[in-house]
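Protein chains: 2
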Amino acid sequence: MLDYSHLSALAAVLRTGSFERAAQQLHVTPSAISQRIKLLEERLGVVLVIRGQPCTATEVGQRLYQHVEQVALLESSLHQNLPVRPESRPVTLRIAVNADSLATWFIAAMASTDGYLFDLMLDDQDHSAEWLRRGEVVAAVTAHSTPIQGCDCHSLGALRYIATASPQYCARWFADGFSEHAVARAPCLIFNQKDQLQAEWLQQVLGTNLYPPLHWLPSSQAFVDAALAGLGWGMNPEPLVIDHLRAGRLVALKPDQPLDVPLFWQQSRIVSSVLGDVTRAVLHEASAMLVPVQLAPKQ
Amino acid sequence: MLDYSHLSALAAVLRTGSFERAAQQLHVTPSAISQRIKLLEERLGVVLVIRGQPCTATEVGQRLYQHVEQVALLESSLHQNLPVRPESRPVTLRIAVNADSLATWFIAAMASTDGYLFDLMLDDQDHSAEWLRRGEVVAAVTAHSTPIQGCDCHSLGALRYIATASPQYCARWFADGFSEHAVARAPCLIFNQKDQLQAEWLQQVLGTNLYPPLHWLPSSQAFVDAALAGLGWGMNPEPLVIDHLRAGRLVALKPDQPLDVPLFWQQSRIVSSVLGDVTRAVLHEASAMLVPVQLAPKQ
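Residue numbers (the UniProt record's numbering), protein chains in the order written: chain C, 1 to 299; chain V, 1 to 299.
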């Protein structure tokens, strides 16, 4: 078998980004860490760590790191069956989640579990499943509805988005109505290249592809703040803007035309026993914040 | 000279991530876009675009993209001196900014300018200057205090951070005081591998390197939400937590020991004339939100 004390050193370097911090975490000297990584690299005949600020993994290094993390997870479920539990640090769950879920309900799910540490990867709901497919996370909040190989898939409901802008912004750009002509000139917010929500909604509402001028803002809260500040309109999760809408600080461009994005919790079956509490918490909190999925969407 | 209609097609593909959206933006067909990129690649003898969802740049493609964007910026400052202004889209400014500045004051600066579009790259304040050094942005909010080659550097003041947690969290983990022993066991929040703020503050307060169990949360607002939910303690920007502190929803672990992070606005000199309004707005909004930098920090 592989040398797991060497692999633990590798995991600690990649988790913390430095040999010094890895040494602190494992209560050894940095030179001991350095030697273990070197031995591992010599034995496998391949570079595993790109030395830098921070240290990052090569492709093989990343693969080994995933393996160590998975073994640690399996070990933690083993502990529950042992008469004497060896002392161990809480297990870290690496999970891919979309930014808007993190901004609205996912923290509550994390907080209602105990004894886990979370390492969150943020990615678009249309792309978070790829992390799971690549084996880089043990679970994902995703728009991908069919189970990924080796995973269980739970429906969570839909996150409702409202196209929102400030009243001043609407007076300036949509004074003559929300027409194609106006939309093509009015600055619009976009999270990043992966964000299709504004384009999808415009297609749904106006039945056409438009390409408005864009502000690129990769943060859920910044999206709301930018709408409040009158920089542009954007698709904001209802839970983040409901108070602003009620107070009139934001208005819905088309109040009766929200965009519902169905979300799913997919989790690796091999660590199901460890993830049980987390899955329960995720399903519970999602049901409180998300809306039921419409099976027959309006045409 | 290079063919700028071909280069515009390249820029549109890389900005929007797809040939279809680039075509919409330039009012041509996707096959026209495809042909321009192909001609450019054939002429230069190198692949420029990695076709995918989204399309991304090769190294040479990225370099050309930066060049086109810079030419567009220079052109926009030329327009001010022309008797007849050619019709053109608003200019997009690509700027690197740290997440906590975006969450606290940067949106206000953006909103107090007019006629610009913003394309924000989020990175740690200790790393945002690298974007500028690589020529991938025209300006950066950074902790880097010496002017980067070809750039002007303005001091902005310091963003004040407070080590914060919920009262329930403190009762559970720090009931016997904020000792090394307690800190080594109490879950701590960290933004990502680049985030040194918690480690720096622990070093300042306890005079020692500690490695607490970590939750990894790459979002400014999630950091505050996680502190409120009792998941861990973390260094939060004072403007984001001041109301929670006053209302008792959060407490400062050491009220008299904040961590001040001096920030600077560095901007490429070649586009100074275009960036004038933005620089003024940035300096103005920063002065309202940041604290004066202490020249002789307490030992």
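Even glycine gets a Cβ: it sits at the ideal position worked out from N, Cα and C.
These numbers come from a predicted model, not from an experiment.
- Within the segment 94-108 of chain V, those residues whose Cβ lies closer than 7 Å to any Cβ of chain C are, in chain order, Ala99, Leu102, Ala103, Ile107 and Ala108.
- For Ala12(V) and Ala23(V), the gap between their C-alpha atoms comes out near 8 Å.
- Those residues of the segment 180-191 of chain C placed with their C-beta closer than 8 Å to a C-beta in chain V are Pro187, ordered along the chain.
- Assigned with DSSP and collapsed to three states, Arg134(C) falls in coil, not helix or strand.
- Pairing Ser77(V) with Val141(V) gives a Cβ-Cβ distance that is not under 7 Å.
- In the DSSP assignment, no residue is bridged to Val274(V).
- For Trp233(C), DSSP records a beta bridge to Cys188(C).
- A contact is defined here as three or more CB-CB pairs under 8 Å, and the segment 205-220 of chain V meets this definition with respect to the segment 178-197 of chain V.
- With its beta carbon less than 7 Å from one in chain C, Met110(V) belongs to the interface.
- Ranking Gly234(V), Met1(V), Val261(V) and Arg134(V) by CA distance to the CA of Ile148(V) puts Arg134(V) first.
- Trp201(V) has a beta carbon lying at 7 Å or more from every beta carbon in chain C.
- Taking a contact as a CB-CB distance under 8 Å, the pair Val241(V) and Leu250(V) counts as one, their CB atoms being some 6 Å apart.
- Residues of the segment 193-220 of chain V with a Cβ closer than 9 Å to any Cβ of chain C, in chain order: Gln193, Lys194, Ala199, Asn209, Leu210, Tyr211, Pro213, Leu214, His215, Trp216, Leu217, Pro218, Ser219 and Ser220.
- In the three-state reduction of the DSSP assignment, Gly157(C) falls in the strand class.
- Ala57(V) and Glu136(V) have their alpha carbons spaced roughly 12 Å apart.
- Closest option to Pro292(V), judged by alpha-carbon separation, among Val138(V), His6(V) and Leu156(V): Leu156(V).
- Taking Asp225(V) as reference, the option from Met110(C), His181(C) and Leu7(C) with the minimal CA-CA separation is Met110(C).
- Scanning its chain for C-beta atoms nearer than 7 Å, with the 5 sequence neighbours on each side dropped, one finds around Gly230(V) the residues Ser166, Gln168 and Tyr169, in chain order.
- Sequence-distant partners of Asn236(V) (beyond 5 residues in either direction) whose C-beta falls short of 7 Å from its own C-beta, in its chain, are Tyr161, Ile162, Thr164, Phe223, Val224 and Ala227.
- For Asp225(V), the chain C residues whose Cβ falls inside 7 Å of its Cβ are Ile107, in order along the chain.
- The C-beta separation of Arg94(C) from Glu69(C) comes to about 7 Å, placing the pair in contact by the 8 Å criterion.
- Here DSSP, grouped into helix, strand and coil, assigns Tyr211(V) to coil.
- When only Cα atoms are considered, Gln25(V) and Phe118(V) end up about 17 Å apart.
- Less than 7 Å separates the beta-carbon of Leu120(V) from that of Leu217(C).
- In the structure shown, Thr164(C) adopts extended strand secondary structure according to DSSP, grouped into three states.
- Taking the CA atoms as reference points, Leu206(C) sits about 48 Å from Gln198(V).
- Of the candidates Thr113(V), Ser8(V) and Gly150(V), the residue whose Cα lies closest to the Cα of Val71(V) is Ser8(V).
- At a cut-off of 7 Å, the C-beta of Asp119(C) has a neighbouring C-beta in chain V.
- In the DSSP secondary-structure assignment, Leu122(V) is bridged to Val97(V).
- Taking a Cβ-Cβ cut-off of 7 Å, the neighbours of Arg21(C) in chain V comprise Tyr211, given in sequence order.
- The contact set of Leu122(V) on chain C, defined by CB atoms closer than 8 Å, consists of Pro218 and Ser219 in chain order.
- Gly232(V) counts as buried, since at least 16 other C-beta atoms from the protein chains shown sit within 10 angstroms of its C-beta.
- The beta-carbon distance between Gln267(V) and Asp124(V), rounded to whole angstroms, is 19 Å. This is too long to meet the 8 Å contact definition.
- Closer than 7 Å at the C-beta level to chain V, one finds these residues of the segment 223-249 of chain C: Asp225, Ala226, Ala229, Gly230 and Leu231.
- The residues Ala129, in chain order, have a CB closer than 6 Å to that of His144(C) in the same chain once the five nearest residues on each side in sequence are set aside.
- The beta carbon of Phe174(C) lies closer than 6 Å to those of Ala182 in the same chain, with the five residues before and after it left out.
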